[in-house]
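What follows is a short report on a single structure.
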Amino acid sequence: RRGGGGRMRVKVLSRNPDDYIRETKQDLQRVPRNYDPALHPFEVPREYMRALNATKLERVFAKPFLASLDGHRDGVNCMAKHPQSLSTVLSGACDGEVKIWNLTKRECIRTLQAHEGFVRGICARFCGTSFFTVGDDKTVKHWKMDGPGYGGEEEPLHTILGKTVYTGIDHHWKEAVFATCGHQVDIWDEQRTSPICSLTWGVDSISSVKFNPIETYLLGSCASDRNIVLYDMRQSTPLKKVILDMRTNTLCWNPMEAFIFTSANEDHNLYTFDMRFLESPVMVHIDHVSAVLDVDYSPTGKEFVSASFDKSIRIFPVDKGHSREVYHTKRMQHVITVKWTSDNKYILCGSDEMNIRLWKANASEKLGVLVPRERAALNYNQKLKEKFQHHPQIKRIARHRHLPKAIYSQAKELRIMREARRRKELNRRKHSKPGSSPFVSEKKKHIVAVVK
Amino acid sequence: MAEEDLFRSDHPVSASEDEEDGNEERRHRQLLEAVSSLAGRKRRKLAERTEASVQVSEFNLSCEGAGEKLVLPELLGSIRASSSLGIVKKQLNRVKQKKSVELPLSKEESERVVREAAYNKTSKAVAKWEQVVLQNRRAEQLVFPLKQEQMGAAPIEEVLTGWKARTPLEQEIFSLLHKTQQPVTDPLLTPLEEASLRAMSLEEAQLRRAELQKARALQSYYEAKARREKKIKSKKYHRVLQKGRSRKALKEFEVLRKLDPEAALTKLEEMERSRIEERMSLKHQNKGKWARSRAIMAKYDLEARKAMQEQLARNKELTQKVPVEPEGEEEGDMGGEGLLPDSINEVQPSTDGANPWMLGKPSSEAKDSGTQEDTKEPRESAAPEDSGNEGEEVSEEEILLQDFEQRRCTRQQAGSLEPESAGEAEEAHTFVELLSNVQMGPGVEQPARGPEGPLLSEQLGRRRTLEEIDALGQEEGAEEQEQPWPTRTLQESEEDGNAGGGCTARKAPKQKMINLQAVLAGESHAIQCPAQPVSVQDEEEEAADQRLVIKEAFAGDDVIADFLREKHKVEQAGKPQAVDLVLPGWGEWGGTGLRPSARKRKRFLIKPVPGPPRRDQHLPHVIISQQRNVLAAAHQVNEVPFPFDRHQQFERSIRAPLGPTWNTQRAFQKLTAPRILTQPGHIIQPISAEDASPQSTMPTRGGSAALPPTPQRSRHHQPHPKKAR
Chain A
25 RRGGGGRMRV KVLSRNPDDY IRETKQDLQR VPRNYDPALH PFEVPREYMR
75 ALNATKLERV FAKPFLASLD GHRDGVNCMA KHPQSLSTVL SGACDGEVKI
125 WNLTKRECIR TLQAHEGFVR GICARFCGTS FFTVGDDKTV KHWKMDGPGY
175 GGEEEPLHTI LGKTVYTGID HHWKEAVFAT CGHQVDIWDE QRTSPICSLT
225 WGVDSISSVK FNPIETYLLG SCASDRNIVL YDMRQSTPLK KVILDMRTNT
275 LCWNPMEAFI FTSANEDHNL YTFDMRFLES PVMVHIDHVS AVLDVDYSPT
325 GKEFVSASFD KSIRIFPVDK GHSREVYHTK RMQHVITVKW TSDNKYILCG
375 SDEMNIRLWK ANASEKLGVL VPRERAALNY NQKLKEKFQH HPQIKRIARH
425 RHLPKAIYSQ AKELRIMREA RRRKELNRRK HSKPGSSPFV SEKKKHIVAV
475 VK
Chain B
9 MAEEDLFRSD HPVSASEDEE DGNEERRHRQ LLEAVSSLAG RKRRKLAERT
59 EASVQVSEFN LSCEGAGEKL VLPELLGSIR ASSSLGIVKK QLNRVKQKKS
109 VELPLSKEES ERVVREAAYN KTSKAVAKWE QVVLQNRRAE QLVFPLKQEQ
159 MGAAPIEEVL TGWKARTPLE QEIFSLLHKT QQPVTDPLLT PLEEASLRAM
209 SLEEAQLRRA ELQKARALQS YYEAKARREK KIKSKKYHRV LQKGRSRKAL
259 KEFEVLRKLD PEAALTKLEE MERSRIEERM SLKHQNKGKW ARSRAIMAKY
309 DLEARKAMQE QLARNKELTQ KVPVEPEGEE EGDMGGEGLL PDSINEVQPS
359 TDGANPWMLG KPSSEAKDSG TQEDTKEPRE SAAPEDSGNE GEEVSEEEIL
409 LQDFEQRRCT RQQAGSLEPE SAGEAEEAHT FVELLSNVQM GPGVEQPARG
459 PEGPLLSEQL GRRRTLEEID ALGQEEGAEE QEQPWPTRTL QESEEDGNAG
509 GGCTARKAPK QKMINLQAVL AGESHAIQCP AQPVSVQDEE EEAADQRLVI
559 KEAFAGDDVI ADFLREKHKV EQAGKPQAVD LVLPGWGEWG GTGLRPSARK
609 RKRFLIKPVP GPPRRDQHLP HVIISQQRNV LAAAHQVNEV PFPFDRHQQF
659 ERSIRAPLGP TWNTQRAFQK LTAPRILTQP GHIIQPISAE DASPQSTMPT
709 RGGSAALPPT PQRSRHHQPH PKKAR
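If you're matching them up, the sequences are chains A and B in order. Counting in this note's numbering, the first sequence tops out at residue 476, every number present. Counting in this note's numbering, the second sequence tops out at residue 733, every number present.
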């Protein structure tokens with residue numbers, strides 16, 4: 025460097041081996057790329073075509089039905105998820121039989137005759153070691169999750185004999201406490217044979233009671249006099265009551281948002297409420313054509329699934345008024361109960377015709393392990409679909425669903441009726457004194473009163 | 009009537025009867041008094057009641073305020089302080105202070121109050137989730153389960169926390185460890201390591217590195233410069249350089265003489281010695297190659313002769329023996345070139361910076377002043393530069409750096425400009441517009457959002473295969489094509505409006521077969537405006553006048569011709585263009601001045617297929633724009649979709665590509681990250697307070713609490729980007 029006269033300098037090409045040597049043999053060869061936009065023209069048309077293809081493929085691969093679990097000898101009336109095991113699910117039938125299923129093997133692993141008459145409600149303990157059932161025989165029974173040894177008899181751990189019929193049961197998410205409903209909402213300690221407290225507000229039969237999964241002392245119930253009542257277990261008092269147009273069949277709390285719950289109503293709609301503002305629901309979910317019988321949230325709290333008397337189940341995004349998916353099969357009758365599995369992947373529905381059906385929550389999802397490249401491609405396609413979702417061709421393909429004729433015609437009829445009603449209201453408003461018939465939003469229309 | 013009678017019978021007491029009653033009572037009492045007085049014993053005199061009253065006490069007390077309340081102070085006033093009733097008075101006073109208890113609420117009401125209070129309390133308690141909920145709703149990505157388990161083996165520190173030294177050996181080792189401040193329970197780094205980490209932060213290191221780099225760069229510049237100068241073969245240059253150096257040495261010597269006479273003396277000796285050496289070297293003896301060549305040239309060339317003479321003079325000067333003189337005379341003699349200390353010959357890179365020769369000054373100047381004033385000229389030129397030298401020395405680095413900075417800036421600008429200025433960009437833009445354009449009327453920025461429609465279009469038919477789904481897409485396209493102009497376009501209606509009044513507009517379709525020129529050549533008839541009924545003759549005349557005035561005013565403007573020209577232009581622009589594919593020199597000779605043959609030109613000129621007839625073909629006074637591509641319209645968005653406010657936003661969102669063809673791997677991954685990530689086979693529990701708190705959202709590692717996470721540190725810990733696959 026210092027100008028040492030005699031030494032000759034030789035310049036050599038030197039490269040960093042990290043640039044061209046793979047870490048392992050499984051690695052892909054690195055391909056240097058040139059991102060000059062001039063070299064890759066037509067980006068929008070190309071991506072549009074990719075999006076279109078992705079949308080078509082999504083519809084082609086949309087085969088959500090996975091399996092049917094048959095074995096019940098009467099309609100499936102209630103189901104419960106196992107809190108610790110993804111592959112286990114419990115179901116109670118209208119003949120008093122309870123079955124425990126293994127979903128991976130798709131077979132029944134245990135059957136027990138729990139009650140005489142309907143099994144009205146079933147719920148598992150938070151630890152997953154036992155479960156509770158209530159039935160038409162006015163009893164609450166506590167069962168072990170594991171079956172008896174060989175030759176042993178199926179016997180409940182405890183049996184509580186009540187005075188009236190219990191119509192539903194739910195277990196506390198963290199403590200050894202459960203709640204039943206019937207003539208009133210009873211809160212029980214597991215160790216006692218009489219309820220810790222009974223919560224009543226008016227006299228009517230209560231069809232369902234649910235614990236809040238986040239603020240676990242909160243309870244919601246719906247009664248047959250068309251109201252939804254909230255309770256606080258700590259203060260052992262009801263909190264507030266909202267009366268709707270028609271009866272609410274059941275409700276479900278959002279597992280990620282403590283104050284949000286959704287109720288399944290007889291008037292074909294679902295209502296999502298914020299428990300702090302019961303005056304009007306946050307969202308009215310319209311799409312079913314018959315009474316909605318059950319609702320269950322996805323564990324991510326972004327969507328929920330509803331089961332209806334119209335022989336179909338629908339998946340609604342929480343913040344949308346209409347469903348993103350409808351599932352039905354020819355043989356599925358009135359769906360009475362529905363559950364979304366805790367890994368956010370599957371949906372289970374129990375229906376009148378004695379079957380439990382297993383569906384994919386995402387109709388066109390590929391099951392099994394995905395190679396990273398596969399996943400990247402899927403993510404890319406998903407984003408493309410989102411990006412071009414407003415383009416008419418893509419929208420049309422993505423929205424297309426097949427419906428059985430009964431539901432289709434029913435939906436059409438309902439649409440006509442709704443339109444007629446709207447028109448009539450419009451006309452009435454037009455011909456009456458301005459301000460005398462105010463516009464009532466869809467959200468407020470179905471709320472009769474809020475009782476403090 | 010009967011009812012009234014009844015009513016009366018219910019309340020028989022009238023005023024007169026009341027009086028009678030009172031009289032009777034008095035009489036009765038008098039009678040009693042009389043009887044009692046008969047008994048003989050003197051009774052105490054009773055108060056005479058004067059007024060009538062319903063209530064009569066048995067003690068015959070007069071009840072003046074019978075209905076009034078008894079007021080306690082009135083009673084108490086009569087009690088004297090000294091009397092034995094003092095205690096009672098106090099007690100009564102105490103009683104007076106207490107208020108009466110209100111009526112208890114009814115059961116319903118009390119329950120309602122309790123409920124309301126409980127509801128308010130619970131709502132408040134639940135509202136604490138508000139922030140978490142909003143955050144999760146807005147989150148770019150949510151990873152479930154929220155509680156991420158630490159995979160793999162627990163860090164050794166965690167295992168060690170529960171462990172304690174028991175045996176003496178262990179204790180001994182422990183004490184040793186403690187002495188060296190080796191962390192035992194929850195260690196990541198020893199204090200020493202931490203200190204060393206803290207000693208050099210990333211920024212410091214970067215600063216130092218930058219400094220070093222700069223120094224190295226400067227050094228290399230100087231080296232390069234020195235090398236360059238060394239290579240310069242011009243003797244004149246070297247001579248001037250030498251002179252400059254000697255002058256500088258002299259100046260230094262002067263300064264030295266004033267400051268440090270002794271050092272100056274030694275220096276003088278050195279200079280003398282160097283002069284002697286120079287004299288010995290026989291350098292200026294006119295025997296060199298150059299001198300000989302000059303000698304030959306001297307005959308013909310004046311300049312060469314001058315140079316020779318100069319050389320000789322120098323020789324004489326050098327070979328002269330210097331008599332020892334007093335020091336004051338030294339100055340005059342020191343002009344010689346050879347009188348230089350050794351130190352001057354050493355490389356002095358710092359002085360070279362502002363060398364005028366290096367700056368590329370024209371050499372002719374030096375030549376002009378050439379021979380005679382050789383010694384004088386550089387002195388003059390160097391003098392001002394010498395003064396500026398030091399300043400420049402200092403600023404040189406800055407200049408260099410500025411230069412680099414500038415160059416980098418220009419490079420960056422060029423880089424950023426290039427893609428914009430590229431011709432292809434525009435081309436791509438048009439393609440983009442085709443898809444991303446929102447078909448909207450002018451001025452319609454924000455569409456009124458109607459009620460939310462259903463997300464699904466439910467139909468009876470089942471589509472199973474790709475072909476069927478394809479057909480699904482085409483169906484709509486067909487529909488679109490069937491009625492491509494479902495409504496009158498905006499422009500059409502505008503044109504109609506422009507075509508002068510309502511009447512003529514109505515007429516227009518009927519006239520369409522009439523020759524345009526004929527119509528236009530004819531005189532225009534008075535147009536009657538139907539909007540205002542014309543009843544008075546004067547008004548019509550006035551209107552006619554008005555028209556005349558307008559006609560006069562616009563006499564110069566040939567509006568109709570303008571319109572026709574415009575229409576013609578539009579028609580021409582809309583026609584498909586011929587494509588010229590002629591390649592000169594292909595199949596025949598090419599070159600300047602040679603044109604491809606007519607045959608070739610004819611063959612390779614592709615004539616366009618005449619497009620469909622214009623829609624305004626038979627409409628003489630209408631231009632219908634045919635910009636709208638019906639085929640493309642089937643793929644275009646009709647209105648601004650929900651989350652976007654303006655169509656520009658939407659178009660921008662469409663224009664940005666997502667794919668790996670246009671984005672780097674990392675950007676691609678970031679752009680296509682799914683909004684919700686779940687892990688297969690993991691149970692997602694409902695959110696809990698721990699999940700919601702901010703500490704747990706960050707993946708914590710053992711011992712991270714021990715070190716406060718400063719921003720510098722966190723940068724250190726950033727994982728290296730994994731090799732892209």
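By construction, the Cβ of each residue, glycine as well, lies at the ideal position given by its N, Cα and C atoms. Nothing here was measured: the structure is a model prediction, and the numbers come from that model.
For the alpha helix (DSSP H) holding residue i, just list the boundary residues, first then last.
i	result
B:Q677	673–679
B:A126	115–135
A:N379	Per DSSP, A:N379 belongs to no alpha helix (DSSP H); it is in the beta strand (DSSP E), 379–384.
A:Y174	Unbroken run through A:Y174: none, as it is neither H nor E.
B:E260	243–267
B:F182	176–187
Tell me where the beta strand (DSSP E) around residue i begins and ends.
i	result
A:Y370	370–375
A:P341	337–341
A:F89	89–94
A:G192	192–195
B:D699	Note, B:D699: premise wrong, no beta strand (DSSP E); alpha helix (DSSP H) at 697–700.
B:N101	No beta strand (DSSP E) holds B:N101; the alpha helix (DSSP H) holding it covers 94–105.
A:V164	163–168
May I ask you to list the residues that DSSP assigns as paired with residue i?
i	result
A:G116	A:C102, A:V122
A:P262	A:Y255
A:F235	A:L243
A:S218	A:S218 is not bridged to any residue.
B:A225	None; B:A225 has no bridge partner.
A:I133	Answer by DSSP bridge pairing: none, since A:I133 is not bridged.
A:Y321	A:F328
Could you tell me if residue i is buried or exposed, where buried requires 16 or more neighbouring beta carbons within 10 angstroms of its beta carbon?
i	result
B:K610	exposed
B:N523	The predicted model places B:N523 with a pLDDT of 49, which falls under 50 and marks its position as unreliable; any figure quoted below should be read in that light. The residue in question, B:N523, is exposed, as its Cβ has fewer than 16 Cβ neighbours within 10 Å.
A:S231	buried
B:M288	exposed
B:I304	exposed
B:K239	exposed
B:E32	exposed
B:A126	buried
A:I252	buried
B:V248	buried
B:H655	buried
B:P727	Residue confidence is low: B:P727 scores 40 on pLDDT, short of 50, so the model does not pin down where it sits. No coordinate-derived value is stated.
B:F650	exposed
For residue i, verify whether its CB is less than 7 Å away from any heavy atom of the ligand FMN.
i	result
B:L177	The ligand FMN is not part of the structure shown, which contains no ligands of any sort.
Pop quiz: residue i and residue j are said to be a contact at Cβ under 8 Å. What is the actual Cβ separation, rounded to whole angstroms?
i	j	result
A:L93	A:L382	7 Å
Residues in the region 140–153 of chain B with C-beta within 9 Å of chain D's C-beta atoms, listed in sequence order?
-> In the displayed structure, chain D is absent; the protein chains listed are A and B.
Length at least 4, wholly inside the region 561–623 of chain B: the alpha helix (DSSP H) runs in chain order | As for any alpha helix (DSSP H) of minimum length 4 sitting wholly inside the region 561–623 of chain B, the runs are 567–582, 606–612, ordered along the chain.
Unbroken stretches of the alpha helix (DSSP H), 4 residues or longer, contained in the region 276–331 of chain B = Counting only runs of 4 or more, we get 297–305, 310–327.
List in chain order: all unbroken alpha helix (DSSP H) runs of 4+ residues lying wholly within the region 44–87 of chain A.
-> For the region 44–87 of chain A, whole alpha helix (DSSP H) runs of length 4 or above, ordered along the chain, are 67–84.
Identify every run of the beta strand (DSSP E) within the region 371–457 of chain A, keeping only runs that are complete inside it and at least 3 residues long; order them along the chain.
-> Runs of the beta strand (DSSP E) inside the region 371–457 of chain A: 379–384, 424–426.
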